[in-house]
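In the numbering used here, the protein residues as written are 611 to 957.
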């Protein structure tokens, strides 16, 4: 029975995809006598938490009920009041949780508070599913760096670049913009900026106007002042090892050291983490993605395959040994996407 209601909480949590970061995705269900009284989810960063929404809907009916929530309730004042206080005051007698919150401001304190008030607490229900859903959030707080998702399009013979701007279908292009919307930043190398002059913004109909950090790796500071990345109003972070002063309007230039002729990826990730960026979509081509893979920094790789042949650069690694966990095909069956994981997402 606990798993049944927790699945509903997880399903609710997914509704906040692309809108809650750097906060986690959380859903809540209030149950009494085996019946759902109310539900809630965290809609967007700064909005009421899932527990608060569900408890407000339940009102007096919450007394003696069970609360299902996929992440440990908070016990500190932030943009919203602590959820643990609201749970106690509502008269909830039992709380079922998937995961302990690794955020140092919580990290067991919520569970301790609830138990201290005589509320029964059960932890670990659908833990693996909950970990996958909040893998960006969990990694950020456990390892102090953002989750990195690589995304590339490949021809049937393994080429990563082709003579046309887009190798993939309209469906996979829409999916690519959904991916951007569900990450806080997008990262590319300077060659992508110089060769393609992309906008690097979010153009998915469900996320109209969403801002995303644009992260450019530019060792010699060659980013043109009139590049398209500056035209959308999104924040731009340019990482460089160049010592020369070269202000670019609309960009923050961050100097980092080099390692073997390349910008220090570890230092870049620390800088991004210090800004509260918990997830990055890497669209920087085979060189950047290969470098991240070789340093074991890429957490997830998404390959969009096309039936076309021919092209230039190829990946310097084989994803054959990685774990393919999902497979998607376009309606015509011409394009397909592999989701490949290199790490267990926080378990």
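Ideal placement from N, C-alpha and C gives every residue a C-beta, glycine not left out.
Within the model, the alpha-carbon separation for residue 720 versus residue 733 is close to 12 Å. In the three-state reduction of the DSSP assignment, residue 704 falls in the strand class, which pools E and B.
When the Cα atoms are used, residue 784 and residue 913 turn out to be separated by approximately 15 Å. Where residue 620 is concerned, the enclosing alpha helix (DSSP H) starts and stops at 612 to 623. Around the Cβ of residue 654, a 10 Å sphere holds fewer than 16 other Cβ atoms; the residue is exposed. Boundaries around residue 752 are those of the alpha helix (DSSP H), 745 to 753, since no beta strand (DSSP E) includes it.
Ranked by Cα distance from residue 682, the first of 638, 886, 663 is 638.
Cβ-Cβ separation between residue 850 and residue 829: approximately 6 Å, consistent with a contact (criterion under 8 Å). Boundaries of the beta strand (DSSP E) around residue 680: 676 to 681. By the 16-neighbour rule on beta-carbons within 10 angstroms, residue 816 is exposed. Residue 657 carries a coil assignment under DSSP once its states are collapsed to helix, strand and coil. Comparing alpha carbon positions, the residue from 839, 684, 757, 831 closest to residue 866 is 831. Annotated three-state conformation of residue 719 is helix, per DSSP. In this structure, the alpha-carbon of residue 664 lies about 32 Å from that of residue 823. Going by DSSP, residue 871 is part of no beta strand (DSSP E) at all; its letter is neither H nor E.
At a Cβ-Cβ threshold of 8 Å, residue 820 and residue 628 count as neighbours. The residue from 718, 717, 662, 714 with its alpha-carbon nearest to that of residue 698 is 662. Annotation: the continuous beta strand (DSSP E) that includes residue 850 extends over 846 to 850. Between residue 848 and the set 657, 864, 857, the nearest pair of CA atoms involves 864. Shown here, residue 709 sits in a strand according to DSSP, grouped into three states. Residue range 861 to 865 is occupied by the beta strand (DSSP E) that includes residue 862, with no alpha helix (DSSP H) assigned at that position.
Around residue 845, the same chain offers 823 as residues with beta carbons nearer than 6 Å, after the five sequence neighbours per side are excluded. Fewer than three pairs of CB atoms, one per stretch, sit closer than 8 Å, so the stretch 642 to 660 makes no contact with the stretch 706 to 713. Beta bridge pairing from DSSP links residue 823 with 795. Distances from the alpha-carbon of residue 736 to those of 660, 796, 895, 678 put 678 closest. Of the candidates 873, 911, 636, 636 places its Cα closest to the Cα of residue 747. With contacts defined by Cβ atoms closer than 8 Å, residue 760 and residue 902 form a contacting pair.
Annotation: the continuous beta strand (DSSP E) that includes residue 889 extends over 889 to 892.
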